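Numbering (full-length UniProt numbering), first residue to last: 1 to 1048.
This report concerns only the one structure given below.
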């Protein structure tokens, strides 16, 4: 049984639930121990690195450090606290309120602080107007798609310019006129085909934009419809290619028609956005000067590299033209502002002289550069974090950031190792998980502060996921029935909730549902990714910035507007016509006004839309204009609420929500809701709450004559007196309201950089944004987790206990990343198998047709890089496992799936199969491959878990405590760490002239002879020889997957 063997007094004699009672602040964490006091009172003029293991009270130490600054006479307004997530910022702000005299300190995330700097100095940052933050990812994809389309069209124009010997600055009209004059027959044939294609497409879409051939022949280029202009250019390109006899593959243009180019751009845009975001996270902001260098290390062909550079530069230029900024742009723009040495640098350095950074291990190197530009010559900076909890490599965070900090700023390194959260068994297990990692910032271990007997870490083996889920559900039920452990005090963590198209947590959800145990699924999702919030962000962006074309295009595509594809394409083509003519680009909103008749510029194009689309488009335009005109005259929350209801978004979302609820209740009538806001989806309710809270903050600041806001917790934005004197009356009110609306958009976007959790695991000392789905009829989970460093008063904890005695609450199912910073009394870690924790490592992908594949020396260099990447991959997986295990306070249960078979059987069978593989018939060989595939698909114990269990079980008897730290019920696999590279033994290293394995019999008519094979080793053998001479290792199971690409 899970609860046996623990408790006070040893041997299970004490009350198992005694450890679950939240202890008082004095009992859980003394005011300051020696480690914390030394770190808090270190000299202020020297840089300080505090490496704090999990549960060691880093927030308490940071608060005491800030109090020490105040004692030394540092004004609170000169102190800046930077955090990685909004959740950590909210927790620190709430606990900072108890510190006397610290109300003026600024607590902010990197992105919020960068946004405040860019918004205050937007002219110095190079914007034509105050920028708007893109809150929805679909807006970035839309803008990238347009850049890819125009990159393809510019490539097409360059080809035609070269064929016609025109200058590089020749426009589309000049190209068409030159083609019609110099090659009249070719131009006429291309125009005829283009008109036919254009008219066929118009008829298929039901459009009236049909142009007869005779009419098109008489019209000049500028008078042709935009769609026909584009079709004509592609037909000219095809005609030129046919005339000179060049194949289609030889052309630099990747598409042969506008439809093909559009489809190609649609497919490539998300990938290009991802690549561009990766560059920005690594500290590179692509522009016309640095775009080529930004993508140079990718190892792709030079033409592809230059195309990436052109598209990235065009994308950034378009963002700048539209006065838009992505979240990833903000720290880079702030760094550039500070490095320029202008007003922004002087303002920031005079404003803040002492900096504290929380969760420093989650910082990328560009954040370190930003910190350096802010500090200048000053070294009054304290960074706190744990390199053993660095788990955000996909955000370019790396554990080596601590070493880089000390090299750049110098200073002292101090460690916090006393763990106030977990039991001795959990501390020992978490420490053992990290013993395989190299290059740690400090050789630290978690020393438990909690004394006495404790529950051992329970590790179990099950035959399959269904058996595991049933056993865990039964254990959760038993904990509540026998030990009084509420469901809200239990959390099940998974590596990820989607793995190779499957949901690893699905069996557990089904088992909990069968037993009637409430649960919540807590995702790591962004607020702006919510369907309703993303749609609302489009409207808000257009109210603030009517020229934000990506937002208008996304708004037109919303389902409740029901605009046809033809109408949306007509609006986009209206803007394309201006670009093809070389004129100034109008906004899509202005194009829609011209098409639907909202402006005096209505022309022939307005008659091409059907009546319903024209009416809906007119409604959308009038809605945005009316909302813009009403800004400043009504409260911010009312503006947002009017947009929700007048646009039809709220009604459509409520219908969708009711439809889903009715389907889940199998036809039950929807529950009426008296409050209109309460009937909205949770994401939209969160936005309305943010709007109301922001309005209140601004009104309070205006009453105090401070004029400040910025995400809470400090003076992040201040309207200068000179600017206020220049603004008068309604204009001033409108400008302030627009800035307030822009700040709301930024806050919604900032939620995308934080860890938003759902359901259980909420904090009693901070209010996290919770988004999730509830199972088994649970509507409001009680939230039984505690934030680390939680200092809730005892009466509140007693109130929670009384409530939990009446209602067990809901169990939390979450991911490890989303659980960071939280803790639960009881933690379940199911499905700890290879391929899930750790995730499988996939080596570098070879570029097709690349010359590097034919050079063994280059192959060895790639192998070295792959080996280093593999080692870092598995090191981060061990850190992730460590983070998961240290979320547990009192009990930890780890389980894995592995068929209960003789451990030696499969391994011996595979070894025997290897011996007769060379003599096997083709049919038998295919059967062997199928058997191997089936064996590989079966789950097995995580190699990381197996190595940790061996370390704990193999510890010297003198080092083991009297009470057991580990209870293991299962069998470990024979092989250990399939991802660890082992050097070849001497007898296994191939000789210099070794021949290819299995190359004995003659080579046949198309192959070399035996003597040629022995004298000329194969390419794969050359790679193996170089691996041996370079000291590289291979896996036990043969050639690694990433190496096989060299051997084909």
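Glycine included, every Cβ here is placed at the ideal spot set by N, Cα and C.
Since the structure is predicted, the reported quantities are computational estimates derived from the model, not experimental observations.
*Which partner residues does residue 194 have in the DSSP bridge list?*
In the chain shown, counting from the first residue as 1, residue 194 sits at position 194. Looking at the DSSP assignment, residue 194 forms no beta bridge with any residue, so it has no partner.
*Could you pull the start and end residues of the alpha helix (DSSP H) that residue 401 belongs to?*
To locate residue 401, count along the chain shown from 1; it is residue 401. Taken as a continuous stretch (DSSP letters only), the alpha helix (DSSP H) holding residue 401 covers 401 to 409.
*Could you give the DSSP three-state label for residue 561: helix, strand or coil?*
Position 561 of the chain shown holds residue 561. In the structure shown, residue 561 sits in a helix (DSSP, three-state: H, G or I).
*For the beta strand (DSSP E) containing residue 426, list its first residue and its last residue.*
Mapped onto the chain shown, residue 426 falls at position 426. Where residue 426 is concerned, there is no enclosing beta strand (DSSP E), although the alpha helix (DSSP H) it sits in stretches over 424 to 433.
*asked:* In the DSSP assignment, the beta strand (DSSP E) including residue 967 goes from what residue to what residue?
replied: Reading the chain shown from its first residue, position 967 is the one you call residue 967. First-last of the beta strand (DSSP E) with residue 967: 966 to 969.
*So is residue 382 buried or exposed if we call it buried at 16+ other beta carbons inside 10 Å?*
On the chain shown, position 382 is the one that residue 382 refers to. Buried, since its Cβ has 16 or more Cβ neighbours within 10 Å.
*What is the rounded straight-line gap between the Cα of residue 1133 and the Cα of residue 528?*
Examination of residue 1133 is not possible in this model, given that the chain is present from 1 through 1048 alone.
*Would you check if the distance between the CB atom of residue 436 and the CB atom of residue 947 is smaller than 9 Å?*
Residue mapping note: residue 436 aligns to position 436 of the chain shown, counting from 1. Residue mapping note: residue 947 aligns to position 947 of the chain shown, counting from 1. Their beta carbons are under 9 Å apart, which means residue 436 touches residue 947 by this criterion.
*Nearest-angstrom Cβ-Cβ length linking residue 740 and residue 623, presumed shorter than 8 Å*: For this step, residue 740 is matched to residue 740 along the chain shown. For this step, residue 623 is matched to residue 623 along the chain shown. Wrong, their Cβ atoms sit about 20 Å apart, outside the cutoff.
*What do you reckon, are the CB atoms on residue 813 and residue 520 nearer than 9 Å?*
Against the chain shown, residue 813 aligns to sequence position 813. Against the chain shown, residue 520 aligns to sequence position 520. Yes, Cβ-Cβ distance for residue 813 and residue 520 is below 9 Å.
_Classify residue 376: buried if its beta carbon has 16 or more other beta carbons within 10 angstroms, exposed otherwise._
As a position in the chain shown, residue 376 is number 376, starting the count at 1. Label assigned to residue 376: exposed.
_Uninterrupted alpha helix (DSSP H) stretches inside the stretch 121 to 170 (no shorter than 4 residues)_ = 137 to 164
*Which residue or residues does DSSP assign as beta-bridge partners of residue 79?*
Within the chain shown, residue 79 is the residue found at index 79, counting from 1. DSSP, once it has assigned bridges, lists 354 as partnering residue 79.
*Through-space distance from residue 453 to residue 485, alpha-carbon basis*: Taking the chain shown and counting its residues from 1, the one referred to as residue 485 is at position 485. Taking the chain shown and counting its residues from 1, the one referred to as residue 453 is at position 453. Their backbone Cα atoms lie some 18 Å apart in a straight line.
*Just how far apart, CA to CA, sit residue 71 and residue 79?*
The residue labelled residue 71 in the question sits at position 71 within the chain shown. The residue labelled residue 79 in the question sits at position 79 within the chain shown. Taking the straight line joining both Cα atoms gives about 13 Å.
*Does DSSP put residue 496 in a helix, a strand or coil?*
For the purposes of this step, residue 496 is taken as residue 496 along the chain shown, with counting starting at 1. Of the three classes helix, strand and coil, the one that applies to residue 496 here is coil, per DSSP.
*Helix, strand or coil: how does DSSP classify residue 446 here?*
Here the question's residue 446 lines up with position 446 in the chain shown. Note: residue 446 maps to coil in three-state DSSP.
*asked:* Taking 8 Å as the cut-off, does the stretch 391 to 402 touch the stretch 53 to 72 (at least 3 CB pairs, one atom from each stretch)?
replied: no
*Considering only the beta carbon of each residue, do residue 130 and residue 550 sit closer than 9 Å?*
Taking the chain shown and counting its residues from 1, one reaches residue 130 at position 130. Taking the chain shown and counting its residues from 1, one reaches residue 550 at position 550. Not closer than 9 Å, so no.
*Count the other C-beta atoms from every protein chain shown that fall within 10 angstroms of the C-beta of residue 27, then say buried if there are 16 or more, exposed otherwise.*
Against the chain shown, residue 27 aligns to sequence position 27. Residue placement at residue 27 cannot be trusted, given a pLDDT of 34 that sits under 50; what the coordinates show is reported in the next sentence. Residue 27 should be labelled exposed.
*Inspect the beta-carbon positions of residue 742 and residue 133 and report whether they are closer than 9 Å.*
Counted from its first residue, the chain shown places residue 742 at position 742. Counted from its first residue, the chain shown places residue 133 at position 133. In this structure, residue 133 lies closer than 9 Å to residue 742 by Cβ.
*By the 10 Å Cβ neighbour count, where 16 or more other Cβ atoms means buried, how is residue 163 classified, buried or exposed?*
For the purposes of this step, residue 163 is taken as residue 163 along the chain shown, with counting starting at 1. So residue 163 counts as buried.
_By the DSSP assignment, the alpha helix (DSSP H) with residue 841 in it spans what residues?_
Within the chain shown, residue 841 is the residue found at index 841, counting from 1. No alpha helix (DSSP H) holds residue 841; DSSP gives it neither H nor E.
_Between which residues of its own chain and residue 426 is the CB-CB distance below 6 Å, once the five residues before and five after are set aside?_
Counting from one through the chain shown, the residue named residue 426 turns up at place 426. Contacts found: 888, 892.
_One or two residues paired with residue 897 in a DSSP bridge_ = Taking the chain shown and counting its residues from 1, one reaches residue 897 at position 897. Bridge partners of residue 897: 462.
_Reference residue 698; option with closest CA among 684, 683, 733_ = Locating residue 698 in the chain shown gives position 698, counting from the first residue. Nearest C-alpha to residue 698: 733.
_Cα-Cα separation, residue 632 to residue 168_ = Position 632 of the chain shown, counted from the first residue, corresponds to residue 632. Position 168 of the chain shown, counted from the first residue, corresponds to residue 168. Those two C-alpha atoms are separated by around 48 Å.
*Could you check the C-alpha separation between residue 466 and residue 512 for me, to the nearest Å?*
By one-based count along the chain shown, residue 466 stands at place 466. By one-based count along the chain shown, residue 512 stands at place 512. Near 12 Å, if we compare the C-alpha coordinates of residue 512 and residue 466.
*Within its chain, find whatever has a CB closer than 8 Å to the CB of residue 311; leave out the 5 residues flanking it on each side and keep chain order.*
For the purposes of this step, residue 311 is identified with residue 311 of the chain shown, where counting begins at 1. So the list reads 144, 147, 148, 151, 272, once near-sequence residues are dropped.
_the stretch 574 to 589 contacting the stretch 642 to 655, beta-carbon criterion three pairs below 8 Å_ = no
*Excluding the five sequence neighbours on either side, which residues of its own chain have a C-beta within less than 8 Å of the C-beta of residue 197, listed in chain order?*
The residue labelled residue 197 in the question sits at position 197 within the chain shown. 231, 235, 257.
*asked:* Using a Cβ-Cβ cutoff of less than 6 Å, which residues in the same chain neighbour residue 558 once the five nearest sequence positions on both sides are dropped?
replied: The count along the chain shown starts at 1 and reaches residue 558 at position 558. Taken in chain order, the residues that qualify are 535.
*Using 10 angstroms around the beta-carbon of residue 188, count the other beta-carbons present and answer buried if the total reaches 16, otherwise exposed.*
Here residue 188 corresponds to residue number 188 of the chain shown, with the count starting at 1. It is exposed - the Cβ of residue 188 has fewer than 16 other Cβ atoms within 10 Å.
*Are residue 540 and residue 135 touching if we call contact CB-CB under 9 Å?*
In the chain shown, counting from the first residue as 1, residue 540 sits at position 540. In the chain shown, counting from the first residue as 1, residue 135 sits at position 135. Cβ atoms of residue 540 and residue 135: closer than 9 Å.
*State the start and end residues of the unbroken beta strand (DSSP E) segment that holds residue 363.*
Position 363 of the chain shown, counted from the start, is the residue given in the question as residue 363. Taken as a continuous stretch (DSSP letters only), residue 363 belongs to no beta strand (DSSP E), as it is neither H nor E.
*Would you list the one or two residues that DSSP bridges to residue 416?*
The residue you call residue 416 lines up with position 416 of the chain shown. According to DSSP, which records beta bridges pairwise, residue 416 is partnered with 52.
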